[in-house]
Amino acid sequence: MKAKIFNSEIPFYELLNNDLSGGEIFTVKSEGLKMTEIEMGDYPEYSEFVDTDAFRDILRAEREKLRYGDSKTVRISSFNINKSKGVLEVGFHPSSYSVYKAFNAIKHYPPQIFYRDAGHGLYEEGTSDWLDTGITGNLIRANHCGTGLFIDCAGPGGVRVIVGMRPNREIIDTHRLFRTYSASGSIDLDDLTPFEGVLREAREEINFEADASQIELVSFGYDSQLGYFQFSFYHRSELSFEEIVTGAKGAKDANEYTSLDPVAFSAENIDRTVRDIAEAPWEPSALWTLVVLVARLILSDGAKKGEKSGVTAARIDDFRNKLEKEIKNRNYESNFKIFN
């Protein structure tokens, strides 16, 4: 099912931590993410579709539009979550960024050109059903793969903040004008795992270095607006926000964003945390990841205080309710599609 900030859904299907009422946030360490390459030929319905003349024509047109060239990426063909073992198994095969763009372009073509139904939905029909199976290879969808990292660091006065990024819409290839992760991007075929992919993005975008053992996967899901899977990571840094901003200057891809922003990350001052998150619209997966991270922060704070589970759960609900209301009060829906 789609993630809900509180009562209202966003266009993102969370697969790791959809239910935040259980008193535990599930995470995956680097050794728990198992990536297995599978031949595209094992999925004949998909491979035959992308080999049609109609699709190839669109693919060629989209490739020519790419300002910075095409890149080799990965397409998710299956996934399986074993929470008791802390393992996420993911099957994939090689793809390209232009394939992802071609599938998004198909949405704007007359429906009679392409075969589609609930089982092969180019749109959203049947999404929750096939996500329940974990078998995605034969679906006529891009199943592109993105990754993002949120960095938790010391802000002014020693309070903890999350680093948010405002993408440069003149450079980033997206129609969205949302705020997003501290660093993010597509997973390249050369990346050994999404852990390595997000650390590469952090180096390229903000000159930030970390080891795979120092970050954790806190969200994994599917963006139903743009049709891609997203791996979302968290890292607690010993650096200050100012040190991270200063270090980011001169990064290889520093032109991909206009600013880095401190976002309050406090269970003690939840109203400020809500205001900072709601101050600007977020990419759906990034917004949900923030909800997960703040919920975990409240759980940790409740445990330190010896709170009863019901009290802590009520605090999490209060945070989510306030955040949803604050986002709606800012009336972003007239310019951004945040809620369904």
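Position one of the sequence shown corresponds to residue 26 (this note's numbering), numbered consecutively onward. Glycine included, each C-beta is placed from N, C-alpha and C at the ideal position.
Straight-line CA distance for Asn-356 to Lys-350?
-> In a straight line, the C-alpha of Asn-356 is about 10 Å away from that of Lys-350.
Is the Cβ of Ala-167 closer than 8 Å to any Cβ of chain C?
-> Structure shown: chain C not included; a single protein chain is present.
Measure from the alpha carbon of Ile-50 to the alpha carbon of each residue in Lys-362, Leu-324 and Ser-211, then state which is nearest.
-> Measuring from the Cα of Ile-50, the nearest candidate turns out to be Leu-324.
Going by the beta-carbon positions, is the gap between Leu-113 and Phe-104 smaller than 8 Å?
-> Yes, they are a contact pair.
Could you tell me which residues DSSP puts in a beta bridge with Gly-173?
-> Note: Gly-173 sits in a beta bridge opposite Ser-209 and Ser-257.
Any chance you could list the alpha helix (DSSP H) runs of at least 4 consecutive residues sitting entirely within the stretch 46 to 95, in chain order?
-> For the stretch 46 to 95, whole alpha helix (DSSP H) runs of length 4 or above, ordered along the chain, are 69 to 75 and 78 to 90.
Look at the alpha carbon of Met-26 and the alpha carbon of Leu-40, and state the distance between them as a whole number of angstroms.
-> Straight-line Cα distance between these residues: approximately 9 Å.
Under the DSSP definition of a beta bridge, which residues are partnered with Asn-107?
-> The partner list for Asn-107 (beta bridge, DSSP) reads Val-112.
Distance between Gly-159 and Gln-250 (C-alpha atoms, nearest Å) = Approximately 19 Å between the Cα atoms of the pair.
4-residue-minimum alpha helix (DSSP H) runs that sit fully inside the stretch 292 to 343, ordered along the chain | Within the stretch 292 to 343, the complete alpha helix (DSSP H) runs of at least 4 residues are 295 to 303 and 309 to 330.
How long is the line joining the alpha carbons of Gly-327 and Glu-234, rounded to whole angstroms?
-> Taking the straight line joining both Cα atoms gives about 32 Å.
For Asp-248, which of helix, strand or coil comes out of DSSP?
-> Strand, per DSSP.
Just how far apart, CA to CA, sit Leu-322 and Phe-290?
-> Rounded to the nearest angstrom, the gap between the Cα atoms of Leu-322 and Phe-290 is 8 Å.
Tell me, please, whether the stretch 330 to 345 touches the stretch 52 to 66 by the rule of three or more beta-carbon pairs shorter than 8 Å.
-> No contact exists between the stretch 330 to 345 and the stretch 52 to 66.
Sorted by chain position, which residues of the same chain lie with C-beta nearer than 8 Å to Leu-45's C-beta, five sequence neighbours on each side aside?
-> Excluding positions up to five away in sequence, the list reads Val-316, Val-317, Ala-320, Ile-341 and Arg-345.
How about Thr-172 and Gly-111: do their beta carbons lie closer than 8 Å?
-> Not a contact, by the Cβ cut-off of 8 Å.
Nearest CA to the CA of Gly-116: which residue from Val-124, Ser-96, Glu-89 and Tyr-68?
-> Considering only alpha carbons, the answer is Tyr-68.
Roughly how many whole angstroms lie between the Cα atoms of Asn-193 and Phe-80?
-> Here the alpha carbon of Asn-193 sits roughly 30 Å from the alpha carbon of Phe-80.
So, helix, strand or coil for Phe-117, using DSSP?
-> Correct three-state label for Phe-117: strand.
Could you give the DSSP three-state label for Ser-102: helix, strand or coil?
-> Of the three classes helix, strand and coil, the one that applies to Ser-102 here is strand, per DSSP.
Once you ignore the five residues that flank His-145 on each side, which residues in its own chain have a CB closer than 6 Å to its CB?
-> Any answer about His-145 is weak, because its pLDDT of 44 lies below 50 and its placement is not dependable; what the coordinates show is given next. Leaving aside the five residues that flank His-145 on each side, the residues in its chain whose CB is nearer than 6 Å to its CB run, in chain order, Ile-165.
Beta-carbon proximity of Thr-314 to Ser-207, cut-off 8 Å = No, these two residues do not count as a Cβ contact at 8 Å.
Between which two residues does the beta strand (DSSP E) harbouring Glu-39 extend?
-> First-last of the beta strand (DSSP E) with Glu-39: 34 to 39.
Mind checking who Pro-192 pairs with in its DSSP beta bridge?
-> The secondary-structure analysis by DSSP pairs Pro-192 across a beta bridge with Tyr-282.
Which residues bound the beta strand (DSSP E) around Lys-29?
-> In this chain, the beta strand (DSSP E) harbouring Lys-29 covers 27 to 29.
Report, in whole angstroms, the separation of the C-beta atoms of Tyr-247 and Asn-163, which I expect to be a contact under 8 Å.
-> Your pair Tyr-247 and Asn-163 does not check out as a contact, with CB atoms roughly 16 Å apart and the cut at 8 Å.
Glu-62: buried (16+ other C-beta within 10 angstroms of its C-beta) or exposed?
-> It counts as exposed.
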